[in-house]
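**Q** The structure's right below; bear with me while I get my questions together.
Here it is, written out as structure tokens:
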């Protein structure tokens, strides 16, 4: 089995919010990640590394908070986080597929701005 090339630098990262699922009563969103990397194998050609993770909305909020308090905080000032829709979550609407589809679209827009 070939060893994957060592990543020297990630030049671009794309995040696509593909879908959502339920783990117990907690909805999770599938984030498809594609990193375009310069590797030790070739400085002129980019390698593409893909993976999928599932994250809850709360985990996305933690990511946003950390980005805003880290070294890139000045870049994050112009990027609003996803609307919280507090009245819908308070009245139990947050588990409905239509609400989660809206939240999925909102997260996609947010991650597109963060990685754009």
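Numbering (full-length UniProt numbering), first residue to last: 1 to 116.
For every residue, glycine included, the Cβ atom is placed at its ideal position computed from N, Cα and C.
These numbers come from a predicted model, not from an experiment.
Assign residue 111 to one of three DSSP states: helix, strand, or coil.
**A** Three-state result, residue 111: helix.
**Q** Determine the burial state of residue 103: buried for a count of at least 16 other Cβ atoms within 10 Å of its Cβ, exposed for fewer.
**A** So residue 103 counts as buried.
**Q** Taking the C-alpha atoms as reference points, what is the distance between residue 63 and residue 48?
**A** Going by the C-alpha atoms only, they are around 23 Å apart.
**Q** Mind checking residue 29: buried by the 16 CB within 10 Å criterion, or exposed?
**A** Counting Cβ neighbours within 10 Å, residue 29 comes out buried, since at least 16 surround it.
**Q** Taking the continuous beta strand (DSSP E) assigned at residue 2, which residues delimit it?
**A** Premise fails: residue 2 is in no beta strand (DSSP E) and is neither H nor E.
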